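Here is the structure we will look at.
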Amino acid sequence: MSPLSRREFLSLAAGAMAAAASVPRVGATASPAGPAQSLNATARARGMRFGSAMSFAQLSDPRYCELMRTQCGIMVTENALKWPQTQSGPSTFTFGHGDALARFAAENGLLLRGHNLLWQKSRYLPDWVRHYDLGAQPAKTLEKLLYAHITTEIKHYPQIVSWDVVNEAISARTGALRETLFTRDLGPELIDFCYHCARAAAPHAQLVYNDYMNWQPYSRAHRDGVLRFLEGLRKRNVPVDALGIQSHIGANPRHPDPPLGRPQKMAWRGFLEAVTGLGYGLLITEFDVNDNGLPSEPALRDRLIAAYARDYLDITLSFRELKDVLTWGLVDKYSWLQHIAPRADGTPKRPLPFDSHYRATPLYFALAEALRTAPAR
Ligand code: XIL
Numbered sequence: 062m063s064p065l066s067r068r069e070f071l072s073l074a075a076g077a078m079a080a081a082a083s084v085p086r087v088g089a090t091a092s093p094a095g096p097a098q099s100l101n102a103t104a105r106a107r108g109m110r111f112g113s114a115m116s117f118a119q120l121s122d123p124r125y126c127e128l129m130r131t132q133c134g135i136m137v138t139e140n141a142l143k144w145p146q147t148q149s150g151p152s153t154f155t156f157g158h159g160d161a162l163a164r165f166a167a168e169n170g171l172l173l174r175g176h177n178l179l180w181q182k183s184r185y186l187p188d189w190v191r192h193y194d195l196g197a198q199p200a201k202t203l204e205k206l207l208y209a210h211i212t213t214e215i216k217h218y219p220q221i222v223s224w225d226v227v228n229e230a231i232s233a234r235t236g237a238l239r240e241t242l243f244t245r246d247l248g249p250e251l252i253d254f255c256y257h258c259a260r261a262a263a264p265h266a267q268l269v270y271n272d273y274m275n276w277q278p279y280s281r282a283h284r285d286g287v288l289r290f291l292e293g294l295r296k297r298n299v300p301v302d303a304l305g306i307q308s309h310i311g312a313n314p315r316h317p318d319p320p321l322g323r324p325q326k327m328a329w330r331g332f333l334e335a336v337t338g339l340g341y342g343l344l345i346t347e348f349d350v351n352d353n354g355l356p357s358e359p360a361l362r363d364r365l366i367a368a369y370a371r372d373y374l375d376i377t378l379s380f381r382e383l384k385d386v387l388t389w390g391l392v393d394k395y396s397w398l399q400h401i402a403p404r405a406d407g408t409p410k411r412p413l414p415f416d417s418h419y420r421a422t423p424l425y426f427a428l429a430e431a432l433r434t435a436p437a438r
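Following this note's numbering, the numbering of the sequence shown begins with 62 at its first residue and continues without gaps.
Right, dumping it as structure tokens:
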């Protein structure tokens, strides 16, 4: 990872100072979990909801459970409802982990999101699907597989209010539909098929298309591709209600220079205007900030992260169509980013609103302020 140039550092630091001026510090009134008003209460006051991903393992961490209870109004299952976790063979469904998370959500008054029914990247399909004997009528066989998977899973969780039906269908590099064994035989209509199955099984749930296009220049082909894709779905009357903006923001180890990139704010606003102009709702589904390449010193790093996040959230939350903000976890030590391109200095990343000692960080307050100052829905 290239170190910060003096100019980059100064510009980041200036942004951080401006943001810090408007962001309350972790002060005497803040409990270890943050200030009295939870993120969800702050979101509710503006007609939104705040929530987070949770994994099965985190159910055994009382402090994590406490943060879910006190800060969130909605939970998304991190891995428990993905295809490989829920169906180990054509007629073998295993919902144990998902059921445990769903129980926790119900007991604590959290709404539930389901993630995801089809991840359009071949490596995330179960092995048995990849090697399935498709027989003489491959298209029919594949439709049957998809139908069974989607329908069984959705019907098992009638309480789920919002589903990521298809995840990451568009190539970030080219903007075209990613190819899989499903597109080979079913063509692009495979996507339509999934949403029609989902709508039939869950007439009242929100059906979401979820992807990771973002505000960086390298993401332009991705944004354009997702927009074309959403236009096509609208034209064909496919029942998709909203775009899930994953929001894994910050450094991208594949595009390392400079650490936080060069956000294109106008282009991002334009993208969100175009998406909402097509009649789609919006939600932030997997927010976190990758701090690869940022200085080691935690306090400085935290300020840079918070300022960058605040900028992103202010633009994105200015759209009244956006009703839900979910982070991809609450506590730094559990973040998936710890396992992806570790920082050059070997220190743990600080991508989430609570540090590994469960203390609210400046990112927490950036989230709180962005929610508090967003236009009311
Ligand atoms: C990640 C999980 O956090 C990891 O535990 C897992 O090993 C891989 O998947 N986009 C998505 C999420 O839609 O499902 C991914 O979650 C993160 C990127």
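Idealized CB from N, CA, C, for every residue including glycine.
Since we're looking at a predicted model, the values are computed, not measured.
Near residue i, what residues of its chain come up, given a Cβ to Cβ distance below 7 angstroms and the 5 sequence neighbours on each side ignored?
| i | result |
| --- | --- |
| Leu361 | none |
| Ala91 | Only weak support is given to the placement of Ala91: the predicted model assigns it a pLDDT of 44, under 50, and the value that follows is read from those uncertain coordinates. So the qualifying residues of the chain are Ala421. |
| Leu100 | Phe111, Gln132, Leu428, Ala429 and Leu432 |
| Ala282 | Arg234, Thr235 and Gly236 |
| Cys255 | Leu178, Leu179, Leu207, Ile211, Val226 and Val227 |
Between which residues of its own chain and residue i is the CB-CB distance below 6 angstroms, once the five residues before and five after are set aside?
| i | result |
| --- | --- |
| Ala166 | Met136 and Leu173 |
| Tyr279 | His316 |
| Arg105 | none |
| Thr346 | Asn271, Gly305, Gln307 and Leu387 |
| Ala328 | none |
| Pro314 | Asn353 and Ala402 |
| Tyr369 | Leu321 |
| Arg260 | Pro300 |
| Asp406 | Ser357 |
Helix or strand or just coil, what does DSSP make of residue i?
| i | result |
| --- | --- |
| Val287 | helix |
| Asp416 | coil |
| Lys384 | strand |
| Arg228 | The residue asked about is misnamed: residue 228 is Asn in this sequence, not Arg. The answer is strand: DSSP assigns Asn228 an E or B state. |
| Gly305 | strand |
| Gln277 | coil |
| Glu347 | strand |
| Asn271 | strand |
| Val190 | helix |
| Ala262 | helix |
| Leu238 | strand |
| Ala421 | strand |
Note down the Cα distance separating residue i from residue j, rounded to an integer number of angstroms.
| i | j | result |
| --- | --- | --- |
| Glu127 | Leu247 | 45 angstroms |
| Ala102 | Phe117 | 25 angstroms |
| Thr434 | Lys216 | 38 angstroms |
| Asn351 | Leu294 | 32 angstroms |
| Met59 | Pro412 | Residue coverage of the chain in this structure runs from 62 to 438, which leaves residue 59 outside it and unanswerable. |
| Pro219 | Ala262 | 9 angstroms |
| Phe243 | Asp372 | 39 angstroms |
| Asn353 | Pro403 | 7 angstroms |
| Ala437 | Ala335 | 21 angstroms |
| Glu358 | Pro409 | 11 angstroms |
| Gly157 | Glu214 | 12 angstroms |
| Lys326 | Ile376 | 8 angstroms |
| Pro199 | Leu162 | 35 angstroms |
| Phe332 | Arg284 | 7 angstroms |
| Val287 | Lys296 | 14 angstroms |
| Glu439 | Met115 | Because residue 439 is not part of the residues shown, which for the chain are 62 to 438, the question remains open. |
| Gly170 | Ala141 | 19 angstroms |
| Glu204 | Ile401 | 34 angstroms |
| His418 | Thr241 | 42 angstroms |
| Pro145 | Lys182 | 13 angstroms |
| Val301 | Leu268 | 5 angstroms |
| Phe348 | Arg245 | 32 angstroms |
Whose C-beta lies closer than 8 angstroms to the C-beta of residue i among residues of the same chain, with five residues either side of it excluded?
| i | result |
| --- | --- |
| Gln265 | Per the sequence presented here, residue 265 reads as His, with Gln not at that position. Closer than 8 angstroms at Cβ, skipping near neighbours: no residue. |
| Arg289 | Gly236 |
| Asp363 | Arg411, Thr422, Pro423 and Leu424 |
| Gly196 | Thr202 |
| Leu206 | Pro151, Val190 and Tyr193 |
| Ser396 | Asp349, Trp389, Gly390, Lys410, Pro412 and Leu413 |
| Ser149 | Thr155, Pro187 and Trp189 |
| Ala312 | Met62, Pro320, Leu321, Gly322, Asn351, Asp352, Asn353, Gly354 and Leu355 |
Self-check item: Any beta strand (DSSP E) of 3 or more consecutive residues that is wholly inside the region 105 to 186
Solution: For the region 105 to 186, whole beta strand (DSSP E) runs of length 3 or above, ordered along the chain, are 110 to 115, 135 to 138, 148 to 150 and 172 to 180.
Self-check item: Inter-stretch contact (C-beta, 8 angstroms, three-pair minimum) for the region 102 to 120 and the region 383 to 395
Solution: With the cut-off at 8 angstroms, the region 102 to 120 and the region 383 to 395 touch.
Quiz item: For the 8 angstroms Cβ check, are there 3 or more pairs between the region 320 to 339 and the region 387 to 399?
Solution: Because the criterion of three Cβ pairs below 8 angstroms is not met, the region 320 to 339 and the region 387 to 399 do not touch.
Quiz item: Would you call the region 213 to 232 and the region 168 to 183 touching, i.e. three or more CB-CB distances under 8 angstroms?
Solution: Contact between the region 213 to 232 and the region 168 to 183 is present, because at least three Cβ pairs lie under 8 angstroms.
Quiz item: Hey, is the region 259 to 275 in contact with the region 300 to 312, meaning 3+ C-beta pairs nearer than 8 angstroms?
Solution: At 8 angstroms Cβ cutoff, the stretches touch.
Quiz item: Curious, which full-length beta strand (DSSP E) runs of at least 3 residues does the region 311 to 362 contain?
Solution: Qualifying beta strand (DSSP E) stretches, in chain order: 342 to 351.
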